[in-house]
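Visitor:
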Amino acid sequence: MSDTKDIVCIGSVLWDVIGRSASVMRQGSDVPGRITRLPGGVAMNIAMAAARFGMSPVLMTAIGQDAEGAELVAACQGLGMNVDHVYRSDDLPTDRYMAVEGANGLIAAIADAHSLEAAGDKILRPLLNGPLGSGESPFRGRIALDGNLTRQLLEIIATSAAFGMADLRVAPASPGKAERLRPFLTHSRAMLYVNLEEAGLLCQTTFDDAARAAAALVGRGAARVVVTDGGRSAAEAGAAGVITGTPPEVLVTRVTGAGDTFMAAHIAAEAEGAGREEALNRALTAAARYVSGDNAL
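For the sequence shown, the working numbering begins at -3 and goes up steadily by one.
1. Could you give the residue range of the alpha helix (DSSP H) that holds V222?
2. Counting along the chain, where does the beta strand (DSSP E) carrying L96 start and finish?
3. State yes or no: is the C-beta of G60 nearer than 7 Å to some heavy atom of the ligand FMN?
4. Can you give the Cα-Cα distance for G234 and A219, rounded to whole angstroms?
5. Roughly how many angstroms separate the alpha carbons of A270 and G37, rounded to a whole number?
6. Name the two residues that bound the continuous beta strand (DSSP E) containing D2.
7. Identify whether L10 lies in helix, strand or coil by the three-state DSSP scheme.
8. For A230 and E245, I'd like the C-alpha separation in whole angstroms.
9. If you count every other CB in all the chains shown that lies within 10 Å of the CB of A267, and 16 or more means buried, which is it?
10. With 16 as the cutoff for other CB atoms within 10 Å, does L293 come out buried or exposed?
11. Going by Cα to Cα distance, which pick from I42, R30, W11 is closest to A299?
12. Closer than 7 Å by C-beta to D176: which residues in its own chain qualify, once you throw out the five before and the five after it? Chain order, please.
13. Considering only residues of the stretch 103 to 184, which uninterrupted beta strand (DSSP E) runs meet the minimum length of 3 residues and lie entirely inside it, listed in chain order?
14. Quick one: any contact between the stretch -1 to 8 and the stretch 125 to 145, if contact means 3 or more CB pairs under 8 Å?
15. Return the bridge partner residues of R272 from the DSSP annotation.
16. Alpha carbon to alpha carbon, how far is L128 from E273?
17. Measure the C-alpha to C-alpha separation of Q23 and T249 and round it to an integer number of angstroms.
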């Protein structure tokens, strides 16, 4: 894989079951809305968005041999994903994610990624000692990782020679899994994509804005970071300093997958040679369009 538009997406690929209502919701709310089931998971969301931005995503994940798994693999292929390196398990069911969203944002979500966790390093075989790379011949392209992988597996990726030449882009998947990213906090070839809460968890404090959070992460050893804060200003930081950008104001119609869209758009922009400010602004615009329900590029 030498094409500059190739990207390997490692992590959760599952069925997203999302309930959305136009009403403001609180604990115990029972309101009318719509329930959808779509291919999802952080790695899948990144791959789908990357494909929309002209990239060629390769999926590395665990999907069951059950009927849901067969349907999911077919859906991935239909969306243009390369599924040649997906680990298909005979004894693990296909994972699922369930979320409820109201007019006031995400109300609650449960990620059932137990099969991905149970599969362990089997999903990495194509890169550890396979057709995509090995310790003697490391992979040199872009890799997007998500925090649904176990801490042990993330540590393997952070320290293995097979990943030592890769351009690693890492997202925590959720605030509850942010601390799994610690092995990449001082990794010289990793870029972290976190929100304000996740940045605080990694730094064991809280922040008022993305710029301070991004600077603090770099101060703790991060090579490059992007910190987002919903509709407020986001920040990108590294050795060259901190820059900020503000997303366009839009009417929010959905939130699940917005961060993954942002990450994919940022990676795609850099793959096309965009500078720091342009890449950040393009990613913010793409995420804003996504949450508004507009997928136009």
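Ideal Cβ placement from N, Cα and C applies to all residues, glycine included.
Guide: In this structure, then:
1. From DSSP, V222 is part of no alpha helix (DSSP H) but of the beta strand (DSSP E) over 220 to 225.
2. First, the amino acid is wrong: residue 96 is Val here, not Leu. Its beta strand (DSSP E) spans residues 92 to 98.
3. Of ligands this structure carries none, so the ligand FMN is not represented either.
4. 6 Å
5. 27 Å
6. 2 to 6
7. strand
8. 13 Å
9. buried
10. Only weak support exists for where L293 lies, its pLDDT of 48 falling under 50; the value from the coordinates is given anyway. Under this definition L293 is an exposed residue.
11. Nothing in the structure corresponds to residue 299, since the chain is present only between -3 and 293.
12. The sequence given here has Arg at residue 176, not Asp. Contacts found: G143, R147, L150, P168.
13. 138 to 142, 163 to 167
14. yes
15. None; R272 has no bridge partner.
16. 32 Å
17. 20 Å
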